[in-house]
Amino acid sequence: PTSRNDAAENINTGTHYTIRLNKAVAHYAAAAILAIIFYLAFPVTIANQTQQHNHGLTTANGALYGFPIQSLLEQVPNAQPIQKTSVPAPATACDTDSVKPLPENHTDTNAVKAKASYYTIVLASSIKEANAEIFVEQLKEKGLDSARVFRKNKMIRVIYSNYPTEQQAREALNGFHDIEVFENAWILQIN
Numbered sequence: 031p032t033s034r035n036d037a038a039e040n041i042n043t044g045t046h047y048t049i050r051l052n053k054a055v056a057h058y059a060a061a062a063i064l065a066i067i068f069y070l071a072f073p074v075t076i077a078n079q080t081q082q083h084n085h086g087l088t089t090a091n092g093a094l095y096g097f098p099i100q101s102l103l104e105q106v107p108n109a110q111p112i113q114k115t116s117v118p119a120p121a122t123a124c125d126t127d128s129v130k131p132l133p134e135n136h137t138d139t140n141a142v143k144a145k146a147s148y149y150t151i152v153l154a155s156s157i158k159e160a161n162a163e164i165f166v167e168q169l170k171e172k173g174l175d176s177a178r179v180f181r182k183n184k185m186i187r188v189i190y191s192n193y194p195t196e197q198q199a200r201e202a203l204n205g206f207h208d209i210e211v212f213e214n215a216w217i218l219q220i221n
């Protein structure tokens with residue numbers, strides 16, 4: 031049997047680790063934790079007319095966001111009225127007056143290279159040729175007859191029409207914003 035002094039001696043000879051923290055860091059950490067607790071525990075009350083009418087909305091949102099959502103929707107006093115301007119109607123898919131006719135051989139890259147630089151709308155890029163042909167046929171069934179497959183440097187793209195300037199191509203693309211296949215389309219300059 032070991033004596034009581036031997037047990038006390040074993041405890042005293044064990045390795046001890048000391049962790050030292052800077053007092054200022056500990057104080058900042060405690061203050062930050064308390065601030066977060068108070069922020070989540072108590073709703074922020076901002077005195078305004080909107081809060082008086084929507085007290086439930088303020089309490090629900092105040093605890094989460096610190097401000098009522100309704101206050102963001104208030105009208106600004108002395109706000110300037112919005113002026114109406116006329117905007118020309120965008121081109122539609124059936125509006126073929128602004129679209130140039132394409133050559134009969136849509137897939138011949140030599141004929142395209144012989145032309146001067148132009149801009150086009152890219153509908154799909156880096157796809158297999160068979161899928162590109164199927165996509166072009168689907169577009170033509172929807173009335174988008176200017177769609178074609180374009181090949182250059184092993185890159186296969188489905189493009190729509192050609193335009194002499196980037197501005198005309200951008201206007202055409204903006205006119206097609208309501209057609210689903212043009213949602214991710216972009217403008218490309220072809221040399």
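Those letters in the sequence shown? Residues 31 to 221, per the numbering used here, in order.
Glycine is no exception: its CB is placed at the ideal position from the N, C-alpha and C atoms.
My assumption, with CB atoms under 8 Å, is that residue i sits in contact with residue j. Please give the rounded CB distance.
i, j, result
"residue 151", "residue 70", "Actually they are not in contact, since the Cβ atoms of residue 151 and residue 70 sit about 50 Å apart, beyond 8 Å."
"residue 193", "residue 153", "The Cβ separation is near 14 Å, so there is no contact."
"residue 199", "residue 188", "Going by Cβ atoms, the distance from residue 199 to residue 188 rounds to 15 Å, so no, they are not a contact pair."
Could you pull out every residue in the same chain whose Cβ sits closer than 6 Å to the Cβ of residue i, ignoring the five residues on either side in sequence?
i, result
"residue 45", "none"
"residue 169", "177"
"residue 212", "206"
"residue 53", "none"
"residue 155", "187"
"residue 58", "none"
Just list the residues that DSSP pairs residue i with in beta bridges.
i, result
"residue 48", "None; residue 48 has no bridge partner."
"residue 217", "151"
"residue 190", "151, 177"
"residue 182", "185"
Determine the contact status of residue i and residue j, defining contact as a CB-CB distance below 8 Å.
i, j, result
"residue 159", "residue 186", "yes"
"residue 196", "residue 164", "no"
Excluding the five sequence neighbours on either side, which residues of its own chain have a C-beta within less than 8 Å of the C-beta of residue i, listed in chain order?
i, result
"residue 148", "192, 193, 194, 219, 220"
"residue 67", "none"
What residue from the options has the CA that sits closest to residue i's CA?
i, options, result
"residue 179", "173, 157, 72, 214", "157"
"residue 174", "48, 146, 209", "209"
Which same chain residues end up closer than 7 Å to residue i when comparing Cβ atoms and leaving out the 5 residues on each side of it in sequence?
i, result
"residue 215", "151, 152, 153, 203"
Quick one: is the Cβ of residue i within less than 7 Å of any heavy atom of the ligand SAH?
i, result
"residue 147", "In the structure on display, the ligand SAH does not appear, and there are no ligands present to speak of."
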